[in-house]
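**Q** This is the structure, below, for whatever I ask next.
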Amino acid sequence: MSESKDKDSSTITGAVGGGDVEKNTIATDIVVTKYKMAGEMVNRVLQQVLDKCVAGASIIDICEFGDNQINEETKKVFKKEKEIKKGIAFPTCVSVNNCVCHYSPLKSDPIVTLKDGDMVKVDLGAHIDGYMALAAHTIVIGATMENRIKGRQADALLAAYYGSEVALRLVQPGNENIAVTDAVQKVSDTFKCKPISGMLSHQTKQYQMDGGKTIIQNPTDIQRKEHEKCEFLVHEVYAIDVLITTGDGKTREMDSKTTIYRKTDENYQLKMKASRVLFSDIDKKFANMPFTLRALDNEQKARMGVVECVKHKLLEPYSVLYDKDNEMIAQFKFTVLLMPSGSHKITGLSFDPSICESEYSIEDESLKTILAKEGHAKMELKELLERQSLAIRLAKQAGEIIKKASGNMILPDEKCSFADLVTESDKAVEKMVFDEIKKQYPDDKFIGEESANETDEWSDDPTWIIDPIDGTTNFVHNFPFCCISIGFTYKRQPCLGVIYHPHLDHLYTAIKGHGAKLTKSNGEIIDIHVRPCPSLSQALVVAELGSQRDEAKRECVFKNLESIGWASHGIRSLGSAALNICSVASGQMDAFFEFGPYIWDICAGVVIATEAGGHVCDTTGGQLDLQGRRFIFASNEKLAKEIATKLVVQLDLKK
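Position 469 of the sequence shown, counted from 1, bears residue number 475 in the numbering used here, the numbering being contiguous throughout.
Structure follows, in structure tokens:
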């Protein structure tokens, strides 16, 4: 991010790393691959850094950790191609409360620690061969679904989040930058906040942080008149940075020293030896990428040498900026590739707006229309149908393995507890499915329950998420209620689900946007829908004990069973999360809640249940986190919310 006009440096025009920069665009597959690899690294490290942001943590320790993690991640790729440079594209910054951006202290600076209630913005980036992935995210220390963010912090956070979501949907080929400026302003006005005035989001290119086109936030009348309008085009890349304040939008420098700089293309013969040595070191280590003085060998000498370099515009400083005391600033930043198939967001973490309580909400119809659009490129229906066909075939094959093995197995192995079982059939089914998928879709990712520690991390890439036998304990005891569950996600969104119950020969299928179906044993295919249920007092609910065995889980399970069971028609249990979900989707049950299942237990079911008209959410009533290990599936939102209020014990479970 940079400020408009006099504080924005000249655009970099030279190439580093060889080749013609203009030809090195995302029209080339290898360039897209480098962007996506960098994006995956950034998302991983950003989450790791956010996990370090707790009360009492030192900001310099967090920043050093983030930078070290980026360097370690980028070392793992393109090891043989020595000519490919890679590393930090923007040093880790941790800017708190009224600090707008660029706070990344040095060891010689006073120690600053985080405290409960701080609004923390983490900003960082990585590059591979000069192709940059940048991201920023905001949290409030100590906030949970049980301790929601309120007041002006909530207003700023929601304005920044929805502003970034609107921007994502408007940064599309054929649209203009001014439309983004105006929409972000309108979102901000809704929450009685302001975008940071004059801040820019940039088009990026290889080794070019400022690649030409820009989007301005909250411009003055003069800036609006002079800022160059432009149209977004296919094969462009943008780092979209939305910064929102509860204040007046004007920034100022205070006592914090600048620690981040970037080499420009200006020429000047430096006079001081310390400056020449420093500039040579910067050129070798960082090229045109922003860097922190922490990354240099001698911090004191670096501080001396940087003065002359900045004075003669060889280095651009990233000043630490502030709003007034007691104001709150929130930030969301993401990198987006404008592909022929649509916008591909490669960085940025998910955010659940229900963690905030604000008196304001988006009522403007034009903003609602924008937000209702898909914020990323969708997979074509033809591709999903092809994958569904494969999933159905594999589910049927898995069903044969399950039926043949039923009642004829050796003792199972235990995993996390004596109630968490795995059999050779689980492993055989998963291997069969994995091998067949890789034959047809070698580039797709794969996450399976029985090989979870060895398979791919969940990402924006096309990803199959498999539970080979859901209901293994039933299977072990020859109780005929188990199934195979095959889910598929793209851009981290569940878009395909197949669940097969081999003993009943019932096949549940759904593709996002195209309804849910049940194929019966006689071949009849019917559309399935949830059953209308106006309240918990009229609901039949399904729930599970789960396989986790500890006191916290026991208290959670039995107190919640008592609360929900006493308020409803009753509780049932099938011993399979996937089949429980299907029972809600097909109208046999009205709701299902559980603490403990993993992403492979529910991924396919999420698509089937929502396509059947159901509502899926977190056990607090907030947005579902597929990796959060707690959920409510219900026939409607009202019922889900009622159940959430009746759950007397909540558990935060390891993802």
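Yeah, the Cβ is synthetic: ideal placement off N, Cα and C, and Gly gets one too.
Within its chain, find whatever has a CB closer than 7 angstroms to the CB of Gln679; leave out the 5 residues flanking it on each side and keep chain order.
**A** Given a span of 7 to 661 for the chain in the structure shown, any question on residue 679 remains unanswerable.
**Q** Taking the continuous alpha helix (DSSP H) assigned at Glu322, which residues delimit it?
**A** Position 316 of the sequence shown holds residue 322. Per DSSP, Glu322 belongs to no alpha helix (DSSP H); it is in the beta strand (DSSP E), Leu321 to Tyr324.
**Q** Under three-state DSSP, which class holds Trp464?
**A** The residue given as residue 464 occupies position 458 in the sequence shown. Residue state, collapsed to three classes: coil.
**Q** Buried or exposed for Thr210, going by 16 or more other Cβ atoms inside 10 Å?
**A** As a first step, residue 210 must be located in the sequence shown, where it is residue number 204. Counting Cβ neighbours within 10 Å, Thr210 comes out buried, since at least 16 surround it.
**Q** Where do the N-terminal and C-terminal ends of the alpha helix (DSSP H) with Val613 fall, by residue?
**A** Taking the first residue of the sequence shown as position 1, residue 613 is located at position 607. Residues Ile605 to Glu617.
**Q** On the DSSP bridge list, what partners appear for His233?
**A** Indexing the sequence shown from 1 puts residue 233 at position 227. Partner(s): none; His233 has no beta bridge.
**Q** In chain order, what residues of the same chain have a beta carbon less than 6 angstroms from the beta carbon of Val240, not counting five sequence neighbours either side?
**A** On the sequence shown, residue 240 is found 234 positions in, with the first residue counted as 1. Excluding sequence neighbours, Val240 sits near Pro179, Leu344 and Pro346.
**Q** Could you tell me the alpha carbon to alpha carbon distance between Ser569 and Val504, rounded to whole angstroms?
**A** Here residue 569 is taken as the residue at index 563 of the sequence shown, counted from 1. Here residue 504 is taken as the residue at index 498 of the sequence shown, counted from 1. Near 32 angstroms, if we compare the C-alpha coordinates of Val504 and Ser569.
**Q** To which residues of the same chain is Ile649 closer than 7 angstroms at the C-beta, ignoring the five residues directly before and after it?
**A** By one-based count along the sequence shown, residue 649 stands at place 643. Correct list, in chain order: Leu542, Ile570, Ala597, Phe599, Ile638 and Ala640.
**Q** Ignoring anything shorter than 3 residues or poking outside the stretch 144 to 178, list the beta strand (DSSP E) runs there in chain order.
**A** None, since the stretch 144 to 178 contains no complete beta strand (DSSP E) of that length.
**Q** Tell me, please, which residues DSSP counts as bridged to Thr119.
**A** Taking the first residue of the sequence shown as position 1, residue 119 is located at position 113. DSSP output for Thr119 lists Ser64 as bridge partner(s).
**Q** Using CA coordinates, which residue listed in Tyr447, Lys451, Glu406 and Asp449 is at the minimum distance from Ala4?
**A** In the structure displayed, the chain extends from 7 to 661; residue 4 sits before or after that span and is not available.
**Q** Is the stretch 70 to 90 in contact with the stretch 273 to 285, if contact means three or more CB pairs nearer than 8 angstroms?
**A** Contact fails: fewer than three Cβ-Cβ distances are below 8 angstroms.
**Q** Which two residues bound the contiguous beta strand (DSSP E) that contains Glu600?
**A** The residue labelled residue 600 in the question sits at position 594 within the sequence shown. Counting along the chain, the beta strand (DSSP E) containing Glu600 begins and ends at Ala597 to Phe601.
**Q** Applying the 10 Å Cβ sphere with the 16-neighbour rule, what's the burial state of Lys565?
**A** As a first step, residue 565 is located in the sequence shown; it is residue number 559 there, counting from the start. Per the 10 Å Cβ criterion, exposed.
**Q** Whose C-beta lies closer than 8 angstroms to the C-beta of Gly581 among residues of the same chain, with five residues either side of it excluded?
**A** Here residue 581 refers to the residue found at position 575 when the sequence shown is read from its first residue. Closer than 8 angstroms at the Cβ level, and outside the excluded window around Gly581, lie Gly477, Thr479, Asn480, Phe485, Phe487, Cys488 and Glu550.
**Q** Which of the three DSSP states, helix, strand or coil, is assigned to Cys199?
**A** As a position in the sequence shown, residue 199 is number 193, starting the count at 1. Of the three classes helix, strand and coil, the one that applies to Cys199 here is coil, per DSSP.
**Q** Which residues in the same chain have their Cβ closer than 7 angstroms to the Cβ of Tyr274, if we skip the five residues on either side of it in sequence?
**A** As a first step, residue 274 must be located in the sequence shown, where it is residue number 268. For Tyr274, where only same-chain residues beyond five positions count, the Cβ hits under 7 angstroms are His318 and Leu320.
**Q** What first and last residue would you give for the alpha helix (DSSP H) that runs through Leu391?
**A** Walking along the sequence shown from the start, residue 391 turns up at place 385. Element bounds for Leu391: Leu387 to Ala411.
**Q** When the Cα atoms are used, what is the spatial distance from Thr187 to Ala165?
**A** On the sequence shown, position 181 is the one that residue 187 refers to. On the sequence shown, position 159 is the one that residue 165 refers to. Rounded to whole angstroms, Thr187 to Ala165 spans 14 angstroms at the Cα level.
**Q** Could you say which of Glu643, Gly354, Ile266 and Ile408 lies nearest to Val482 if we only look at CA atoms?
**A** Numbered from 1 along the sequence shown, position 476 holds the residue referred to as residue 482. Here the closest residue by C-alpha is Ile408.
**Q** I think Ala132 touches Ile184, with their Cβ atoms under 8 angstroms apart; what is that distance to the nearest whole Å?
**A** Counted from its first residue, the sequence shown places residue 132 at position 126. Counted from its first residue, the sequence shown places residue 184 at position 178. Not a contact, Cβ separation roughly 31 angstroms.
**Q** Taking all protein chains shown into account, do 16 or more other C-beta atoms lie within 10 angstroms of the C-beta of Glu28, making it buried, or fewer, making it exposed?
**A** Looking up residue 28 in the sequence shown gives position 22. The predicted position of Glu28 is uncertain, since its pLDDT is 49 and thus under 50; a value taken from the coordinates is nonetheless stated next. With fewer than 16 Cβ atoms within 10 Å of its Cβ, Glu28 is classed as exposed.
**Q** Tell me the residue span of the alpha helix (DSSP H) that contains Arg50.
**A** Locating residue 50 in the sequence shown gives position 44, counting from the first residue. Arg50 -> alpha helix (DSSP H) spans Asp35 to Lys58.
**Q** What three-state label does DSSP hand Pro359 in the structure shown?
**A** Mapped onto the sequence shown, residue 359 falls at position 353. Looking at Pro359 - three-state DSSP - the assignment turns out to be helix.
**Q** Does the stretch 71 to 78 come within contact of the stretch 223 to 233, defined as at least 3 CB pairs closer than 8 angstroms?
**A** Taking 8 angstroms as the limit for Cβ pairs, the verdict is that the stretch 223 to 233 does not touch the stretch 71 to 78.
**Q** Alpha carbon to alpha carbon, what distance is there between Phe357 and Ile492?
**A** Taking the sequence shown and counting its residues from 1, the one referred to as residue 492 is at position 486. Taking the sequence shown and counting its residues from 1, the one referred to as residue 357 is at position 351. Roughly 26 angstroms separates the two Cα atoms.
**Q** Along the chain, where does the alpha helix (DSSP H) that runs through Met345 open and close?
**A** Residue 345 sits at position 339 when you count from the first residue of the sequence shown. Segment Ile335 to Met345 is the beta strand (DSSP E) holding Met345; no alpha helix (DSSP H) there.
**Q** For Val27, which three-state DSSP category applies?
**A** Position 21 of the sequence shown, counted from the start, is the residue given in the question as residue 27. Low confidence applies to Val27: its pLDDT is 45, below 50, so where it sits in the model is not reliable enough to give any reading.
**Q** Expressed to the nearest angstrom, what Euclidean distance is found between the alpha-carbon atoms of Cys588 and Ala615?
**A** Counting from one through the sequence shown, the residue named residue 588 turns up at place 582. Counting from one through the sequence shown, the residue named residue 615 turns up at place 609. One C-alpha to the other measures close to 7 angstroms.
**Q** With DSSP as the reference, identify every bridge partner of Ala549, one or two as the case may be.
**A** Sequence index remark: in the sequence shown, residue 549 carries index 543 (1-based). Phe599.
**Q** Out of Trp464, Asp466 and Ala404, point me to the one whose CA is closest to Phe440's CA.
**A** Stepping through the sequence shown from its first residue, residue 440 is reached at position 434. The shortest Cα separation from Phe440 among Trp464, Asp466 and Ala404 belongs to Ala404.
**Q** Check each candidate in Asp247, Ile517 and Val126 and name the one with the smallest Cα separation from Leu673.
**A** Any property of residue 673 remains undetermined from this structure, which presents the chain solely from 7 to 661.
**Q** Using the Cα positions of Pro296 and Lys451, report the straight-line distance between them to the nearest angstrom.
**A** Here residue 296 refers to the residue found at position 290 of the sequence shown. Here residue 451 refers to the residue found at position 445 of the sequence shown. So the alpha carbons of these two residues sit roughly 33 angstroms apart.
**Q** On the criterion of 16 or more Cβ atoms from any shown chain inside 10 Å, does Asn224 qualify as buried, or is it exposed?
**A** The residue you call residue 224 lines up with position 218 of the sequence shown. Buried, by the Cβ-count rule.
**Q** Three or more C-beta pairs closer than 8 angstroms, one from the stretch 49 to 61 and one from the stretch 107 to 118: is that the case here?
**A** As far as the Cβ criterion goes, the stretch 49 to 61 does not touch the stretch 107 to 118, which means the pair count is below three.
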